[in-house]
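Taking it in order: structure first as structure tokens, then the write-up.
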Amino acid sequence: MINSVIVADSSPLISLSIIAQLELLPQLYQRILLPPAVWDEVTVQGVGLPGSQAVSQLTWLEIQTPEALILEPLSILVDRGEAQAIALAQSTPDSTVLLDNAQARRVAERLGYSPDRYSWYFA
Numbered sequence: 181m182i183n184s185v186i187v188a189d190s191s192p193l194i195s196l197s198i199i200a201q202l203e204l205l206p207q208l209y210q211r212i213l214l215p216p217a218v219w220d221e222v223t224v225q226g227v228g229l230p231g232s233q234a235v236s237q238l239t240w241l242e243i244q245t246p247e248a249l250i251l252e253p254l255s256i257l258v259d260r261g262e263a264q265a266i267a268l269a270q271s272t273p274d275s276t277v278l279l280d281n282a283q284a285r286r287v288a289e290r291l292g293y294s295p296d297r298y299s300w301y302f303a
């Protein structure tokens with residue numbers, strides 16, 4: 181069964197790139213969203229680092245800016261990319277958020293994301 185939408189943070193994308201498995205995302209999700217901070221972290225600030233080139237060439241990624249009202253309180257709890265990913269997922273119906281950071285997962289849980297609405301992995 182293909183899921184509707186996933187919003188990804190940077191570390192999961194980089195990790196999938198390193199193991200040459202980025203193509204799993206469009207096989208599992210209809211839409212793959214990235215907030216601008218994650219795109220910037222991976223492809224601009226991360227130029228020359230693992231994952232940067234592979235992620236920058238993906239045609240199925242959609243860059244979307246999260247709503248400022250949702251984003252602002254998250255920005256004091258987690259880093260910029262994680263805050264934007266969680267905020268974007270909150271404003272996107274039927275979405276899952278892909279995180280790797282324990283603090284970001286706790287924030288997502290406090291916001292009502294049950295484990296079936298977020299995915300995570302151990303780096």
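Following my numbering, the numbering of the sequence shown begins with 181 at its first residue and continues without gaps.
The beta-carbon is built from N, C-alpha and C at its ideal position, and this holds for glycine as well.
With DSSP as the reference, label residue i as helix, strand or coil.
i, result
"LEU257", "coil"
"ARG290", "helix"
"GLN207", "helix"
"VAL222", "helix"
"LEU279", "strand"
Taking the straight line between their C-alpha atoms, what separation do you get for residue i and residue j?
i, j, result
"GLU247", "ILE256", "16 Å"
"PRO253", "VAL224", "25 Å"
"SER195", "VAL218", "14 Å"
"GLU241", "LEU229", "It should be noted that the sequence gives Leu, not Glu, for residue 241. Taking the straight line from one Cα to the other gives about 19 Å."
"ASP189", "LEU238", "15 Å"
"ALA265", "VAL187", "6 Å"
Would you call residue i buried or exposed, if buried means 16 or more other Cβ atoms sit within 10 Å of its Cβ?
i, result
"GLU262", "buried"
"GLU221", "buried"
"ASP274", "exposed"
Using alpha carbons as the reference points, say which of the options lies closest to residue i.
i, options, result
"ILE198", "LEU251, ALA188, SER232, ASP189", "SER232"
_List, from N- to C-terminal side, the beta strand (DSSP E) runs of 3 residues or more that fit wholly inside the region 232-276._
241-243
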